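Have a look at the structure below, then the notes.
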Amino acid sequence: MKQTFYKWNIGTINVRTCKDDLKLERVVQEIHKANLEISALQEVRRLKQGSATVKCDNSKYEIYWSGHSLKRQHGVGFVIKVDPNVEIVQVEYVDAQIIVLQTKVYGCLLKVINCYAPTEESSDSSKDLFYRNLHKQFVNVPPKYKVICLGDF
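FYI, the numbering for the sequence shown is 105 to 257, going by our numbering.
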């Protein structure tokens, strides 16, 4: 039986802010230069949940983000290179600090969790809530899925 191995690149970046489209395009250009198929972003600072498409050279990238509804604080997201071997199954917008991507990459089922943890100065209650919400993402993962957790802890 012949086995086939594929190489794909995943990264994580604290972007400090991506609230305007120009900064988001610059981040995508850097991701393109690094040849990353899936990138997790923290401190995106975009409002609510959303998605966009950005072109860079001959490539296209799908962007998903989750933020607060009124304040530009925290925020997490994914940048995924559009590729016939990468299928987005589902994006779950948990809150402004956790977003989850379920995808199939070269036939491998992945659950990619991206999180932005509260800082040491944050209240104990906000830290407890964050880690409870993060823990929920690891419960009841379908057996065929591999789990990857990325973020700024």
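The beta carbon of each residue, even a glycine, is placed where N, CA and C say it ideally should be.
Quick caveat, the model's predicted, so the values are computed rather than measured.
Per DSSP, the beta-bridge partners of Asp199 are Ile202. For Lys152, same chain residues with a beta-carbon under 7 Å away, outside a window of 5 residues either side, are Gly171 and Ser173 in chain order. Here Gln206 is not near Phe234, since their CB atoms are 8 Å or more apart.
DSSP places Asn237 in no beta strand (DSSP E) but in the uninterrupted alpha helix (DSSP H) bounded by Asp228 to Lys240.
Residue ranges of uninterrupted alpha helix (DSSP H) with 4 or more members, entirely inside the segment 108-169 and ordered along the chain, are 125-137. If you draw a straight line from the Cα of Asn139 to the Cα of Val183, it is about 12 Å long.
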